[in-house]
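K.L.:
Taking the numbering used here, the leading residue of the first sequence gets 30, the next gets one more, and so forth. Where a beta carbon is used, it is the ideal one built from N, C-alpha and C, also for glycine.
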Amino acid sequence: MTNRKFPYLCTRFRNSISMDYQFAAIEQKWQKYWAENQSFKAEANSNKPKYYVLDMFPYPSGAGLHVGHPLGYIASDIFARYKRLKGFNVLHPMGYDSFGLPAEQYAIQTGQHPAVTTATNINTYRRQLDQIGFSFDWSREVRTSDPSYYKWTQWIFMQLFNSWYNLETDKAEPISALIHKFNEAGSADVKAACDEDVRTFLPTDWATFTEEEKQVELLKYRLTYLKESTVNWCAALGTVLANDEVIGGFSERGGHPVEQKKMMQWSMRITAYADRLLQGLNTIDWPEPIKEMQRNWIGKSVGASVKFKVENSDKQIEVFTTRVDTIFGVSYLVLAPEHEWVAELTTPEQKADIENYILQTKKKSELDRMADAKTVSGAFTGTYVINPVSGERVQLWIADYVLAGYGTGAVMGVPSGDQRDWLFATHFNLPIVQILDAQKDIDQQADATKEGKYINSGFINGMEYKEAVAFLNNWLEDQGVGKAKVNFRQRDAIFGRQRYWGEPIPVYFKDGLPYLLKEEELPLVLPEIDKYLPTETGEPPLGRAEGWKYEDRYEYELSTMPGWAGSSWYWYRYMDALNNNEFASKEAVNYWKDVDLYIGGSEHATGHLLYSRFWNKFLKDLGFVQEEEPFKKLINQGMIQGRSNFVYRIVDEEGKGTNKLVSYNLKKDYKTIALHVDVNIVENEILALEAFKKFRPEFADAEFILENGKYVCGVEVEKMSKSKFNVVNPDVLIAQYGADTLRMYEMFLGPLEQSKPWNTNGIEGVFKFLRKFWRLFHNEAWEFTVSDAEPTKAELKALHKIIKKVQDDIERFSFNTSVSSFMIAVNELTDLKCNKRAILQDLVVVLAAYAPHICEELWSLLGHKDLTTAQFPVFNPNYLIEDEFAYPISINGKMKMNLNLSLALEAKEAEEAVLANEQVQGFLNGATPKKIIFVKGKIVNIVV
RNA sequence: GCUGAAGUGGUGGAACUGGUAGACACGCAGGACUUAAAAUCCUGUGCCCUCAACAGGCGUGCGGGUUCGAUUCCCGCCUUCAGUACCA
30 MTNRKFPYLC TRFRNSISMD YQFAAIEQKW QKYWAENQSF KAEANSNKPK YYVLDMFPYP
90 SGAGLHVGHP LGYIASDIFA RYKRLKGFNV LHPMGYDSFG LPAEQYAIQT GQHPAVTTAT
150 NINTYRRQLD QIGFSFDWSR EVRTSDPSYY KWTQWIFMQL FNSWYNLETD KAEPISALIH
210 KFNEAGSADV KAACDEDVRT FLPTDWATFT EEEKQVELLK YRLTYLKEST VNWCAALGTV
270 LANDEVIGGF SERGGHPVEQ KKMMQWSMRI TAYADRLLQG LNTIDWPEPI KEMQRNWIGK
330 SVGASVKFKV ENSDKQIEVF TTRVDTIFGV SYLVLAPEHE WVAELTTPEQ KADIENYILQ
390 TKKKSELDRM ADAKTVSGAF TGTYVINPVS GERVQLWIAD YVLAGYGTGA VMGVPSGDQR
450 DWLFATHFNL PIVQILDAQK DIDQQADATK EGKYINSGFI NGMEYKEAVA FLNNWLEDQG
510 VGKAKVNFRQ RDAIFGRQRY WGEPIPVYFK DGLPYLLKEE ELPLVLPEID KYLPTETGEP
570 PLGRAEGWKY EDRYEYELST MPGWAGSSWY WYRYMDALNN NEFASKEAVN YWKDVDLYIG
630 GSEHATGHLL YSRFWNKFLK DLGFVQEEEP FKKLINQGMI QGRSNFVYRI VDEEGKGTNK
690 LVSYNLKKDY KTIALHVDVN IVENEILALE AFKKFRPEFA DAEFILENGK YVCGVEVEKM
750 SKSKFNVVNP DVLIAQYGAD TLRMYEMFLG PLEQSKPWNT NGIEGVFKFL RKFWRLFHNE
810 AWEFTVSDAE PTKAELKALH KIIKKVQDDI ERFSFNTSVS SFMIAVNELT DLKCNKRAIL
870 QDLVVVLAAY APHICEELWS LLGHKDLTTA QFPVFNPNYL IEDEFAYPIS INGKMKMNLN
930 LSLALEAKEA EEAVLANEQV QGFLNGATPK KIIFVKGKIV NIVV
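(1) If you draw a straight line from the alpha carbon of E288 to that of L388, how long is it in whole angstroms?
(2) DSSP puts I346 in a beta bridge; with which residues?
(3) Looking at C-alpha atoms only, which residue of L928, W803, S919, E941 is the closest neighbour of V973?
(4) Using the three-state DSSP reduction, which class does K256 fall into: helix, strand or coil?
(5) Just reading off the beta strand (DSSP E) that E935 is part of, what are its end residues?
(6) Do I103 and E747 have their beta-carbon atoms positioned less than 8 Å apart in this structure?
(7) Taking 8 Å as the limit between beta carbons, can you name the residues of its chain near S750, skipping five residues before and five after?
(8) Please identify the residue among G892, K700, K801 whose C-alpha is closest to the C-alpha of A854.
(9) For a test of the three-state rule: what should DSSP assign to L651, helix, strand or coil?
(10) How far does the beta strand (DSSP E) with E288 in it extend, from its first residue to its last?
(11) Within this structure, are the beta carbons of K200 and D650 separated by less than 8 Å?
(12) So is N602 buried or exposed if we call it buried at 16+ other beta carbons inside 10 Å?
(13) Compare the C-alpha of V14 against each of D354, N66, Q474, F612 and name the closest.
(14) At the level of alpha carbons, what is the spacing between K482 and I489?
(15) Residues in the same chain with beta-carbon distance under 6 Å from K822, minus the five sequence neighbours each way, listed in chain order, please.
(16) Go ahead and label E241 buried or exposed: buried means 16 or more other beta carbons lie within 10 angstroms of its beta carbon, across all protein chains shown.
(17) Between the Cα of K960 and those of K967, G951, L944, N954, spot the shortest distance and give me the residue it belongs to.
(18) Tell me the DSSP bridge mates of Q424?
(19) Excluding sequence positions up to five away, which residues of its chain have a Cβ less than 7 Å from the Cβ of A467?
(20) Here's a check: name, in chain order, each residue in its chain whose Cβ is nearer than 8 Å to the Cβ of F728, leaving out the five neighbours to either side.
(21) What would DSSP say about H95, mapped onto helix, strand or coil?
(22) Mark D166 as exposed unless 16 or more other C-beta atoms lie within 10 angstroms of its C-beta, in which case mark it buried.
(23) Just list the beta strand (DSSP E) runs in the region 674-717, keeping only unbroken ones of 3 residues or longer that don't cross its boundaries, in chain order.
(24) Within 10 angstroms of the Cβ of N195, are there 16 or more other Cβ atoms? Answer buried if so, exposed if not.
(25) Is N502 buried or exposed, if buried means 16 or more other CB atoms sit within 10 Å of its CB?
(26) Does the distance from the C-beta atom of P87 to that of Y125 stay below 8 Å?
(27) Go ahead and label E632 buried or exposed: buried means 16 or more other beta carbons lie within 10 angstroms of its beta carbon, across all protein chains shown.
(28) For the alpha helix (DSSP H) that contains F777, what are its first and last residues?
(29) Within the chosen definition, does the region 445-453 reach the region 307-326 through at least 3 CB pairs nearer than 8 Å?
(30) Nearest CA to the CA of A475: which residue from S445, W315, G332?
(31) Return yes when the Cβ of F806 is within less than 8 Å of the Cβ of N864, no when it is not.
(32) When DSSP builds the beta bridges, which residues end up paired with I962?
(33) Could you pull out every unbroken alpha helix (DSSP H) segment of at least 4 residues lying fully inside the region 806-892, listed in chain order?
(34) Alpha carbon to alpha carbon, how far is F337 from D470?
(35) Note the first and the last residue of the continuous beta strand (DSSP E) segment covering I613.
(36) Rounded to whole angstroms, what is the Cα-Cα separation between S47 and G767?
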């Protein structure tokens, strides 16, 4: 009936219509309405329970959003809208992580100020986000590059600078408390997370220290500190990088080589919080993989440090071991080739060998070194060291399997208990000593067992593992040659970046020492510079800022903060985004407390998510916030990969491309090369030939070898990128199908947490569903018509089934299954020809979180106002109660037939009824049932 | 190597606590409507055997096990993806 009347449906752009589901007009209308009425503004104070739904805010890149970006936002938006309908006061904000490298790189190339680029990109993002119909409270928008925001990032930096970590109270305290301790009792009583080289002094000494000496000493305790340290230097980017920004020896951004370099740098003493960061993981509802990644990153290992005296020298080499009990089995010691004592401890005879080995090591890139893990290599220094427990002298080697950056850069070699040591000892003919009677076949391989009793182990002979460890730790400490120790893999986080487009560090230098600005002088605004490059003398870009001096005299810190600074506290700013006097008011923080649900990608596991937990714990220690952990529940949405399409160009004898293209399944008969083709001109792998000729003008006259009259393209899953022509833009899909369809389709694609390639095939199904839903409310002439008649049992059942299903699905983040259920419900109601207000009204509310625009429109057509303030319908289980059930009857576990039985029947009556059935007897074919299993409301199984 | 996740039709996926495997959708095939195409609607669609129906057999990566009954639990193996890596 609609066919002839609506020829517009021929085109793929279906929105120029008169009466059918006009998604474009509807969506614009309600987006405007929501914006004008501030429909999603969270209440500052409310009797309702609070619920905070947070998305990881985006870096506004120049490329805009592709179809993969909104996946998590759609899920969180559905959740936020659902919680509002369930009576919560929901905070669902959005903002931009707007400091960062790409805008600065662009500025270097074009001279355009990063602030301009950033503002343009933000506008694009905002336009794209608005089109999708998100229920963000934009009145709380934050931008990390905005001075009114980074003022507070700088303020937090100042709090960190003014704090130290007291290990006795296990929390951060003001630096004034430390100064007080120094005044009262000197350094003796102080147990702090601090630098290794702190001085020991009496209160009387402290009193005699000059101001400069005091500041130098205090810097060793501050939670953010300046120190000469080995850093990851990326020459191509002209900046240092944090460990989590370096992947396999290359920069995360851009993939440039990274080298180790000693530099004066700002660091954050995150290691002070290592244990609390680890413990906190047990209290939060996060995906196990993320927790595991953080645990590995923190890398706690419990063991002991032991000092081995160097023969004929005062030096003692400290090693860290997790198996101090195996110390009597030590047959050599190894230093990392980069260890600072290597040259000094090499004998003249071995000098050539060692130097040659170091040279070889340096030549190998980090990647080679990893790939080469199985080759044993090393060199003998010629020096011997003394085993402190046995007095035995063992050789000192260097080898690249020992890493300078972990532990002390030195290890003890116990070949009988460690496979790596075993390989090393075997290769270089070093002794292998059995130390436990339970060790087996140690001539074949190492045996790391902790079972049995010690042998060949001096004073621990006959002991068992636990006893030996405790005894040795005490013994080592008594002798002053070692102690029990906990080692962490995690290092303090380098905080300075030699870049322009970041937060200025609110510090100036006087006599070479760093001092903080006064609080009222914040924000320290990023000055204008002429060029976004380092100065001729190698200073960071801020060195170019003319006349940029504190009190016109003192040099400011020229590094800026890293990308993670602004994102490490932003969820608090949303609580009170316009506050000029505090980062957020006490009342706001006390009310909103923490994030109830956080949705974002797993790529932030060891970066943002760890730093945020660190700053949060710090702010809690100082009493600025309430909760120990910022994000109660975390969900990682899967990555949307690209799905590329290919055409196959036939090449001639010489390998030159011809003008002929062959369809996918016929290409085996030809010599071809694959070419990427724009996925937007391919539908269900069938190429649109005319569009292709336009897409690639060189093929304007191409000839196609078709199969069944069609050109079939090849498919491959790759990263979504412009160069692969596999980017799908949400704007295009919204123009074609509308935002409600896009939202539901993204959810329909599969489980939220699963990574999957984007495939637009199938979006039609969701679009058809929404039209069918729309049609429930309209008659044949597309006039809005609902009936006030009493709903039937079947209609109520369909409704309450979907109420329950959606409730359950949303609570367990299974959005894909509720989309299916909506389709089922609408199919059922269509079959029932239901247009009853009593049913449809509730259905609109149930669907509202997923497809908010169409639902608002129908809600208003039903005569209501503001769906955002509606209440989620209450599920009534009575409507789902059945008195009959079609029991599946199976014989020996194989389903044979269904039989309708009353649900009132108990086992005995049911069995009788089943056996009395003729069809059942037919299946039994004379056999006598041995046993009948009857599970009420589920199944009947006959065992023969 | 280690850690984690996952393997189900032509495709995306469903089956939540051991109880009818393949919901829902795409695609495909056939049909209705149309001068025709598109769109829309209807029917069918895991595989095998059979002209077909009835019926039957097989089937959730592979091999075993527990159970009346296993996609689901247990043991062993294979594959894929992600993270991490000579961590002492």
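P.N.:
Let me spell this out:
(1) Your numbering for residue 288 matches position 259 in the first sequence. Your numbering for residue 388 matches position 359 in the first sequence. About 16 Å.
(2) As a working mapping, residue 346 is identified with position 317 in the first sequence. I346 is bridged to F337.
(3) If you number the first sequence from 1, residue 973 lands on position 944. Comparing Cα positions, the closest option is S919.
(4) Position 227 of the first sequence, counted from the start, is the residue given in the question as residue 256. Here K256 sits in strand by DSSP.
(5) Working through the first sequence from its first residue, we reach residue 935 at position 906. First-last for E935: undefined, no H or E at that position.
(6) Counted from its first residue, the first sequence places residue 747 at position 718. Counted from its first residue, the first sequence places residue 103 at position 74. No, the pair does not count as a contact, with Cβ atoms beyond the cut-off.
(7) Against the first sequence, residue 750 aligns to sequence position 721. Closer than 8 Å at Cβ, skipping near neighbours: G671, V756.
(8) Within the first sequence, numbered from 1, the residue matching residue 854 stands at position 825. Considering only alpha carbons, the answer is K801.
(9) Counting from 1 along the first sequence, the entry for residue 651 is found at position 622. Looking at L651 - three-state DSSP - the assignment turns out to be coil, as it is neither helix nor strand.
(10) Taking the first residue of the first sequence as 1, we reach residue 288 at position 259. That run of the beta strand (DSSP E) goes 288-297.
(11) Position 171 of the first sequence, counting from 1, holds the residue named residue 200. Position 621 of the first sequence, counting from 1, holds the residue named residue 650. Yes, these two residues count as a Cβ contact at 8 Å.
(12) By 1-based counting over the first sequence, the position of residue 602 is 573. The question names Asn, but residue 602 is Arg in the sequence shown. Its Cβ being crowded by 16 or more others within 10 Å, R602 is buried.
(13) Only positions 30 to 973 of the chain appear in the structure, and residue 14 is not among them; the question remains open.
(14) One-based indexing of the first sequence puts residue 482 at position 453. One-based indexing of the first sequence puts residue 489 at position 460. Rounded to the nearest angstrom, the two C-alpha atoms are 9 Å apart.
(15) Along the first sequence, one-based indexing puts residue 822 at 793. Cβ neighbours of K822 beyond the five flanking positions: none.
(16) Here residue 241 is taken as the residue at index 212 of the first sequence, counted from 1. By the 10 Å Cβ count, E241 comes out exposed.
(17) Within the first sequence, the letter at position 931 stands for residue 960. The shortest C-alpha separation from K960 is found at L944.
(18) Stepping through the first sequence from its first residue, residue 424 is reached at position 395. Y361, Y413, per the DSSP bridge assignment.
(19) Counted from its first residue, the first sequence places residue 467 at position 438. Counting only Cβ-Cβ distances below 7 Å, and skipping sequence neighbours, we find T478, E480, G481.
(20) One-based indexing of the first sequence puts residue 728 at position 699. Same-chain partners within the cutoff: N688, L690, F721, K722.
(21) For this step, residue 95 is matched to residue 66 along the first sequence. If DSSP states are grouped into helix, strand and coil, H95 belongs with coil.
(22) Counting from 1 along the first sequence, the entry for residue 166 is found at position 137. So D166 counts as buried.
(23) 686-691, 701-706
(24) For the purposes of this step, residue 195 is taken as residue 166 along the first sequence, with counting starting at 1. Per the 10 Å Cβ criterion, buried.
(25) Position 473 of the first sequence holds residue 502. Its Cβ being crowded by 16 or more others within 10 Å, N502 is buried.
(26) Within the first sequence, numbered from 1, the residue matching residue 87 stands at position 58. Within the first sequence, numbered from 1, the residue matching residue 125 stands at position 96. Closer than 8 Å, so yes.
(27) Counting from 1 along the first sequence, the entry for residue 632 is found at position 603. E632 should be labelled exposed.
(28) As a position in the first sequence, residue 777 is number 748, starting the count at 1. Run containing F777: 768-777, per the alpha helix (DSSP H) assignment.
(29) no
(30) Residue mapping note: residue 475 aligns to position 446 of the first sequence, counting from 1. Closest option to A475, Cα to Cα, is S445.
(31) As a position in the first sequence, residue 864 is number 835, starting the count at 1. As a position in the first sequence, residue 806 is number 777, starting the count at 1. Against a cut-off of 8 Å, the Cβ pair of F806 and N864 comes out as a contact.
(32) If you number the first sequence from 1, residue 962 lands on position 933. Answer is N970, bridged to I962.
(33) 822-840, 844-860, 866-876, 881-890
(34) In the first sequence, residue 337 corresponds to position 308, counting from 1. In the first sequence, residue 470 corresponds to position 441, counting from 1. Going by the C-alpha atoms only, they are around 29 Å apart.
(35) Taking the first residue of the first sequence as position 1, residue 613 is located at position 584. At residue 613 the sequence reads Ala, which differs from the Ile that was named. That residue, A613, is in no beta strand (DSSP E); it is neither H nor E in DSSP.
(36) By one-based count along the first sequence, residue 47 stands at place 18. By one-based count along the first sequence, residue 767 stands at place 738. Residue placement at S47 is flagged as unreliable, the pLDDT there being 39, under the threshold of 50; a coordinate-derived value is accordingly withheld.
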